[in-house]
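Here the structure comes first, spelled out in structure tokens, and everything after it is commentary.
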Amino acid sequence: MQEKRHASFSGRLVMLGFGSIGQAMLPLLPRELGIKPGRIRIVKAREERTGIAAEFGVEVLATALNEGNYETVLEPLLGEGDFLLNLSVDVSSLALIRFCRKRGAFYLDTCNEPWPGRYDNPELSPSQRSNYALREEALAFRLDKGSGPTAVLTQGANPGLVSALTKRALLNIAADTGVEVDLPACYEEWAMLARRLDIKVIHIAERDTQISTQRKRKDEFVNTWSVEGFVDEGLQPAELGWGSHEKHWPHDAGRHGFGSDAAIYLNRPGIATRVRSWTPLEGPYHGFLVTHSESISIADHLTVRDNGSVVYRPTVHYAYHPCDDAVLSLHEVAGKNWKLQHRHRIMRGEISAGVDELGVLLMGNARGVYWYGSRLSIDQARAIAPYNNATSLQVVGGILAGMVWALRNPDAGLVEPDDIDHETVLEVAGPYLGDVLGEYSDWTPLQGRSPLFAEEVDRDDPWQFLNFRVN
Numbered sequence: 027m028q029e030k031r032h033a034s035f036s037g038r039l040v041m042l043g044f045g046s047i048g049q050a051m052l053p054l055l056p057r058e059l060g061i062k063p064g065r066i067r068i069v070k071a072r073e074e075r076t077g078i079a080a081e082f083g084v085e086v087l088a089t090a091l092n093e094g095n096y097e098t099v100l101e102p103l104l105g106e107g108d109f110l111l112n113l114s115v116d117v118s119s120l121a122l123i124r125f126c127r128k129r130g131a132f133y134l135d136t137c138n139e140p141w142p143g144r145y146d147n148p149e150l151s152p153s154q155r156s157n158y159a160l161r162e163e164a165l166a167f168r169l170d171k172g173s174g175p176t177a178v179l180t181q182g183a184n185p186g187l188v189s190a191l192t193k194r195a196l197l198n199i200a201a202d203t204g205v206e207v208d209l210p211a212c213y214e215e216w217a218m219l220a221r222r223l224d225i226k227v228i229h230i231a232e233r234d235t236q237i238s239t240q241r242k243r244k245d246e247f248v249n250t251w252s253v254e255g256f257v258d259e260g261l262q263p264a265e266l267g268w269g270s271h272e273k274h275w276p277h278d279a280g281r282h283g284f285g286s287d288a289a290i291y292l293n294r295p296g297i298a299t300r301v302r303s304w305t306p307l308e309g310p311y312h313g314f315l316v317t318h319s320e321s322i323s324i325a326d327h328l329t330v331r332d333n334g335s336v337v338y339r340p341t342v343h344y345a346y347h348p349c350d351d352a353v354l355s356l357h358e359v360a361g362k363n364w365k366l367q368h369r370h371r372i373m374r375g376e377i378s379a380g381v382d383e384l385g386v387l388l389m390g391n392a393r394g395v396y397w398y399g400s401r402l403s404i405d406q407a408r409a410i411a412p413y414n415n416a417t418s419l420q421v422v423g424g425i426l427a428g429m430v431w432a433l434r435n436p437d438a439g440l441v442e443p444d445d446i447d448h449e450t451v452l453e454v455a456g457p458y459l460g461d462v463l464g465e466y467s468d469w470t471p472l473q474g475r476s477p478l479f480a481e482e483v484d485r486d487d488p489w490q491f492l493n494f495r496v497n
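Set out below in structure tokens:
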């Protein structure tokens, strides 16, 4: 792959965590940002799986961070102008953002994480365990901060890259349908464009077809990215941005009662909640409604208000069909009452074929549904970068884009993916995404439904959540 640096970084970089994404990311830091291995330090909980770091001559500090020691451990490693790249789980994102602001350091993560004991605490309500609550805490922190060292919250593939894909998809639909529009310059203008295009629903529609020569074994969770990260978010309550067009309230839904009110939750885990969706290669499929912060932030940023009242908002949620062995792993987890297997395996070198098709599916426009996103095969991923599969490379592209934006905008304070210039994101991430394309379809969630069993659906309006959900 031809070298093209979008930014240069002369400070120190600390990578917190070194799982599948950290290992995929490390070889690209010198290529993209010119960071010499001697200026990179990895901090991870255990000494295991450090071979790739040793190959690149990067020092590893095997220390598990907790509420009592994280400042002591990180203070010698991070100062003004340095960068903390947080790819860990079970370390509070907000605590790290506070720390980096105090130290004058850049920050980026791919998921808004709490300290351990929040996701799986039965004494907490579903709302307290939600991504909605975590986001509101971060937004409350930045409320009176303004500028400061740039901290990019939740910037991977999804959340992250998909917010940029959504903006590009809106512009593409406008161009394809003859709607003249200037490039929106603020949230309100993006929201008005979505309303003008009559976008009622946005799915983050992903189908991962990567397969391995080594099939899943009993008591083993197999995935193409972090097992712990996937199961943590999968056992949170299902969450979705709640659209202004919705007429039917889900029987197990709840409102949070604070904050933006852009999203609701269901009283069931995301990996026990299936929804209908569509991608160009797969066609119709059943995905899992796993909570992701983009489901909330995209819905919030595309909200139109009139005198304080919501007059437009799309329904937004993830519709994820992971690789086949991950689906088998989820079935085993569910059968064991949501207890995680003892063995975990990330598929990489043993993958024999497959594609990760990740994009946004915009629905409601008269032209039809429109999917726009990345179609990346395992062969393409291996040709682009070492130590990657198709899934990890899409995440890496989003991370690199967020880092470049942060370095170009060093005093932006705390930002979400929706705050970032989408053109920069797609320019930087593009070489890592394989085929980036858009495709229209006449699919709706009511299309081809079997007449063998009666269903309670609203056939007068196909874009109701009632029609997408698989009970």
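The opening position of the sequence shown corresponds to residue 27 in my numbering, with each subsequent residue numbered one higher. We treat Cβ as the ideally placed atom computed from N, Cα and C, and that holds for glycine.
Residues that DSSP places opposite residue i in a beta bridge
{"i": "Asn333", "result": "Beta-bridge pairing links Asn333 to no other residue."}
{"i": "Asn112", "result": "Leu42, Asp135"}
{"i": "Asn249", "result": "Ile372"}
{"i": "Tyr396", "result": "Leu388, Tyr466"}
{"i": "Ala298", "result": "Answer is none; Ala298 lacks a bridge partner."}
{"i": "Thr305", "result": "Gly309"}
{"i": "Thr341", "result": "Val227"}
N- and C-terminal bounds of the alpha helix (DSSP H) containing residue i
{"i": "Gly48", "result": "46-51"}
{"i": "Arg194", "result": "187-202"}
{"i": "His327", "result": "319-327"}
{"i": "Asn493", "result": "491-494"}
{"i": "Arg221", "result": "213-222"}
{"i": "Glu265", "result": "Segment 263-267 is the beta strand (DSSP E) holding Glu265; no alpha helix (DSSP H) there."}
{"i": "Phe501", "result": "Examination of residue 501 is not possible in this model, given that the chain is present from 27 through 497 alone."}
{"i": "His448", "result": "448-455"}
{"i": "Val205", "result": "Run containing Val205: none; DSSP gives neither H nor E here."}
{"i": "Asp234", "result": "Here Asp234 belongs to no alpha helix (DSSP H); instead the beta strand (DSSP E) covers 227-234."}
{"i": "Ser355", "result": "350-361"}
Given residue i as reference, the closest of the options once Cα atoms are compared
{"i": "Arg501", "options": "Glu81, Phe314, Ala195, Lys62", "result": "Because residue 501 is not part of the residues shown, which for the chain are 27 to 497, the question remains open."}
{"i": "Gln236", "options": "Arg129, Asn414, His357", "result": "Asn414"}
{"i": "Ser355", "options": "Arg371, His343, Ile324", "result": "Arg371"}
{"i": "Pro102", "options": "Ala121, Arg72, Pro56, Arg38", "result": "Arg38"}
{"i": "Val205", "options": "Ala195, Lys193, Leu223, His312", "result": "Leu223"}
{"i": "Trp489", "options": "Thr341, Pro457, Gly424, Pro412", "result": "Thr341"}
{"i": "Pro443", "options": "Pro53, Ala183, Leu113", "result": "Ala183"}
{"i": "Ala200", "options": "Arg408, Arg221, Asp245", "result": "Arg221"}
{"i": "Trp239", "options": "Ser378, Gly428, Tyr466, Phe494", "result": "As written in the sequence, residue 239 is Thr, which differs from the Trp given in the question. The shortest C-alpha separation from Thr239 is found at Ser378."}
{"i": "Leu492", "options": "Arg331, Ser118, Thr299, Gln420", "result": "Thr299"}
{"i": "Asp258", "options": "Ala288, Tyr145, His32", "result": "Tyr145"}
{"i": "Gly77", "options": "Ala288, Pro53, Asp245, Trp275", "result": "Pro53"}
{"i": "Tyr398", "options": "Val441, Glu453, Thr305, His347", "result": "Thr305"}
{"i": "Gly143", "options": "Val117, Leu122, Tyr158, Ala131", "result": "Val117"}
{"i": "Asp170", "options": "Asp486, Arg374, Gly439", "result": "Gly439"}
Residue i, buried or exposed, once every other Cβ within 10 Å from all chains shown has been counted against 16
{"i": "Asn95", "result": "exposed"}
{"i": "Phe247", "result": "buried"}
{"i": "His368", "result": "exposed"}
{"i": "Ser286", "result": "buried"}
{"i": "Gly460", "result": "buried"}
{"i": "Ser418", "result": "buried"}
{"i": "Phe284", "result": "exposed"}
{"i": "Glu265", "result": "buried"}
{"i": "Asp437", "result": "exposed"}
{"i": "Gln28", "result": "Because Gln28 carries a pLDDT of 45, less than 50, the predicted location of this residue cannot be relied on, and no value is offered for it."}
{"i": "Trp431", "result": "buried"}
{"i": "Gly380", "result": "buried"}
{"i": "Cys212", "result": "exposed"}
{"i": "Asn138", "result": "buried"}
Boundaries of the beta strand (DSSP E) in which residue i is found, first to last residue
{"i": "Thr180", "result": "Taken as a continuous stretch (DSSP letters only), Thr180 belongs to no beta strand (DSSP E), as it is neither H nor E."}
{"i": "Lys128", "result": "First-last for Lys128: 119-129, but that is the alpha helix (DSSP H), not the beta strand (DSSP E)."}
{"i": "Tyr291", "result": "289-295"}
{"i": "Glu85", "result": "85-88"}
{"i": "Phe314", "result": "309-314"}
{"i": "Gly439", "result": "438-441"}
{"i": "Thr98", "result": "That residue, Thr98, is in no beta strand (DSSP E); its alpha helix (DSSP H) goes 96-100."}
Within-8 Å CB hit, residue i to chain D
{"i": "Pro152", "result": "No chain D appears in this structure, which consists of one protein chain only."}
Do three or more CB pairs link the region 181-193 to the region 308-322 at distances below 8 Å? Yes: the two stretches touch, three or more of their Cβ pairs being nearer than 8 Å.
For the region 457-477 against the region 389-402, are there 3 or more C-beta pairs whose distance is under 8 Å? yes
Between the region 62-70 and the region 81-100, are three or more C-beta pairs nearer than 8 Å? yes
Across the region 121-128 and the region 254-269, are there enough close Cβ pairs to call them in contact, namely three or more that are closer than 8 Å? no
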